[in-house]
Amino acid sequence: MTVHPSLAMIHITIADLERIEAAGVTAYPDECCGLLIGHDLEGGGIEVVRVVESENVEPGDTRARFEIDPRLLIALGRDLRGARDRIVGHYHSHPDHPARPSAHDAERAWQPEMVWLITSVIGGEAAETTAHVLEDGGGGFREIGLRITGKAPGG
Numbered sequence: 001m002t003v004h005p006s007l008a009m010i011h012i013t014i015a016d017l018e019r020i021e022a023a024g025v026t027a028y029p030d031e032c033c034g035l036l037i038g039h040d041l042e043g044g045g046i047e048v049v050r051v052v053e054s055e056n057v058e059p060g061d062t063r064a065r066f067e068i069d070p071r072l073l074i075a076l077g078r079d080l081r082g083a084r085d086r087i088v089g090h091y092h093s094h095p096d097h098p099a100r101p102s103a104h105d106a107e108r109a110w111q112p113e114m115v116w117l118i119t120s121v122i123g124g125e126a127a128e129t130t131a132h133v134l135e136d137g138g139g140g141f142r143e144i145g146l147r148i149t150g151k152a153p154g155g
């Protein structure tokens with residue numbers, strides 16, 4: 001596990017960002033969710049190389065909450081064991097709310113090594129996507145940069 005107390009930037013392709021936004025629009029008015037697969041960059045930051053959509057298995061109000069399918073987490077963890085890539089974070093949508101961590105997100109956050117990518121979907125249209133990390137020591141979330149590239153990772 002890599003903890004990133006000073007992480008400032010996550011890199012993602014426009015194609016992967018469009019997949020996340022499309023998942024948010026499709027799930028609307030519920031929250032979508034999924035995982036970000038990637039690796040640390042030599043000069044700092046994280047590069048996302050793949051996004052994996054998850055069923056939102058939240059047993060409560062899926063319009064305001066999400067839960068990634070634990071079976072997907074286990075399967076991906078197994079598949080990535082020993083690989084350069086790892087689960088670097090997750091994404092979810094906020095239907096008709098800002099692309100900022102909610103109070104519920106803060107209550108459930110416990111992994112400072114994970115990036116939280118949040119897409120706001122307003123009236124069924126993707127509006128904004130932001131990236132955040134949990135501050136070490138329970139200090140809440142800190143927004144980080146989101147660099148969108150037009151090329152595939154490693155290309």
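For the sequence shown, the positions run 1 to 155 when our numbering is used. Cβ coordinates follow ideal geometry from the N, Cα and C atoms, glycine included.
Own chain, CB closer than 6 Å to residue i, minus 5 neighbours either side, in chain order
{"i": "E127", "result": "Inspection of the sequence shows that residue 127 is occupied by Ala rather than by Glu. Cβ within range, chain order: S120."}
{"i": "R50", "result": "I37"}
{"i": "V3", "result": "Reliability of the predicted coordinates at V3 is poor, the pLDDT of 47 falling under 50, and no value is obtained from them."}
{"i": "E21", "result": "T119, A126"}
Whole-number beta carbon distance between residue j and residue i, since they are thought to touch under 8 Å
{"i": "S54", "j": "G34", "result": "5 Å"}
{"i": "D210", "j": "V48", "result": "Residue numbering for the chain in the displayed model covers 1 to 155; residue 210 lies beyond these limits and cannot be assessed."}
{"i": "H94", "j": "R65", "result": "Going by Cβ atoms, the distance from H94 to R65 rounds to 11 Å, so no, they are not a contact pair."}
{"i": "E18", "j": "N56", "result": "Not really, about 20 Å apart at Cβ, beyond 8 Å."}
Reduced DSSP category for residue i - H, G, I as helix; E, B as strand; rest coil
{"i": "R86", "result": "strand"}
{"i": "H97", "result": "coil"}
{"i": "L146", "result": "strand"}
{"i": "G140", "result": "coil"}
{"i": "T62", "result": "coil"}
{"i": "L41", "result": "coil"}
{"i": "A77", "result": "The residue asked about is misnamed: residue 77 is Gly in this sequence, not Ala. Residue state, collapsed to three classes: helix."}
{"i": "R124", "result": "Note on residue identity: the sequence assigns Gly, not Arg, to residue 124. Three-state DSSP puts G124 in coil, outside helix and strand."}
{"i": "V133", "result": "strand"}
{"i": "V25", "result": "helix"}
Endpoints, alpha helix (DSSP H) assigned at residue i
{"i": "V52", "result": "First-last for V52: 46-54, but that is the beta strand (DSSP E), not the alpha helix (DSSP H)."}
First and last residue of the uninterrupted beta strand (DSSP E) at residue i
{"i": "I10", "result": "9-13"}
Residues near residue i by beta carbon distance below 8 Å, same chain, minus five either side
{"i": "V133", "result": "H4, L7, P112, M114, V115, W116, F141, R142, I144"}
Does the pairing of the stretch 62-74 with the stretch 109-124 give three or more beta-carbon distances under 8 Å?
Not touching, per the Cβ criterion.
Are the stretch 87-99 and the stretch 8-24 touching, with three or more C-beta to C-beta distances below 8 Å?
Contact between the stretch 87-99 and the stretch 8-24 is present, because at least three Cβ pairs lie under 8 Å.
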